[in-house]
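Report on the structure given below.
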Amino acid sequence: MNTASKILLETVIRSASETKEETTSIVDLIFDWRDADSNARPNGVEFSSYKSGDTSASIKNGKFEYIEELGHIAGINQNIFHKIKPDVTVLILKRGVDPRFASTNLMNIILSYNNIIARQFEESRETNSDRASIALLKQSGISKHMFSSSTRSSYSISAAAMSKSGACRARDILVTITKSSYSIHTW
Numbered sequence: 076m077n078t079a080s081k082i083l084l085e086t087v088i089r090s091a092s093e094t095k096e097e098t099t100s101i102v103d104l105i106f107d108w109r110d111a112d113s114n115a116r117p118n119g120v121e122f123s124s125y126k127s128g129d130t131s132a133s134i135k136n137g138k139f140e141y142i143e144e145l146g147h148i149a150g151i152n153q154n155i156f157h158k159i160k161p162d163v164t165v166l167i168l169k170r171g172v173d174p175r176f177a178s179t180n181l182m183n184i185i186l187s188y189n190n191i192i193a194r195q196f197e198e199s200r201e202t203n204s205d206r207a208s209i210a211l212l213k214q215s216g217i218s219k220h221m222f223s224s225s226t227r228s229s230y231s232i233s234a235a236a237m238s239k240s241g242a243c244r245a246r247d248i249l250v251t252i253t254k255s256s257y258s259i260h261t262w
């Protein structure tokens, strides 16, 4: 969410929103949240509007630290938030999606315009053929702003536990592994 291009954000948000106008507005609001300036985008809002009470939006003018901050953006209702949450992150600083690690759902969203390529891509992932997967994406003509390859081995780990009383606790962690060590980025 912190570095995604406009076309990538539009693609992901469009999968969860009801109209093109809603998608455009939410994308502008996300850009206004994460940019450092005080200039509102055409469908966005900046801190001065928020402070004067003209909107219920919250504006940070900085990077997202937690995925839950998306819920503070006007236009992102609970339905939209819950649809996109499993497929987005605030932890990766690459501009696009690394197709080797992206969820099947996210890849289906990105490739939704071409079911044949989506199916071929998923088959190549199932056979662990990274080269075939990347070559297929290059042949597909998809915007280069959608994808980026990772030079590190980073992994997201999610765990949830529920007690007999129904209390639930979940944790997400991002780990980067190198040949000689590992780093935990969030816990």
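When the sequence shown is numbered by the numbering used here, its final residue is 262 and no position is left out of the sequence of numbers. Positions of the beta carbon are idealized from the N, C-alpha and C atoms, including for glycine. Note that the structure is predicted; figures quoted are calculated from it, not measured.
Can you tell me whether residue i is helix, strand or coil according to DSSP?
i      : result
Ala193 : helix
Thr94  : coil
Val87  : helix
Val172 : strand
Near residue i, which residues of its chain fall below 6 Å by C-beta distance, leaving aside the five closest residues on each side in sequence?
i      : result
Asn165 : The identity of residue 165 in the sequence shown is Val, whereas the question assumes Asn. The answer, listed in chain order, is Met76, Asn77, Phe139 and Ile142.
Ile167 : none
Ser233 : Asp247
Ile231 : At residue 231 the sequence reads Ser, which differs from the Ile that was named. Excluding sequence neighbours, Ser231 sits near Leu249.
Checking the sheet assignment: what are the DSSP bridge partners for residue i?
i      : result
Ser229 : Thr251
Ser258 : Thr251
Met237 : Cys243
Whose C-beta lies closer than 8 Å to the C-beta of residue i among residues of the same chain, with five residues either side of it excluded?
i      : result
Lys158 : Ser90 and Ala91
If I'm right that residue i touches residue j with Cβ under 8 Å, what's the distance once you round it to whole angstroms?
i      : j      : result
Ile184 : Thr86  : 6 Å
Lys193 : Ser187 : The sequence given here places Ala at residue 193; Lys does not occur at that position. With a Cβ gap of about 7 Å, Ala193 and Ser187 count as contacting.
Leu84  : Ala149 : Actually they do not touch by this definition, with Cβ atoms about 16 Å apart.
Closest to residue i by CA distance: which of the options is it?
i      : options                           : result
Asp162 : Asp173, Asp247, Asn152 and Ala177 : Ala177
Glu93  : Ile151, Ser231, Phe106 and Tyr257 : Ile151
Ala79  : Glu96, Met182, Val102 and Lys160  : Val102
Arg175 : Lys160, Asn154, Glu197 and Ile155 : Glu197
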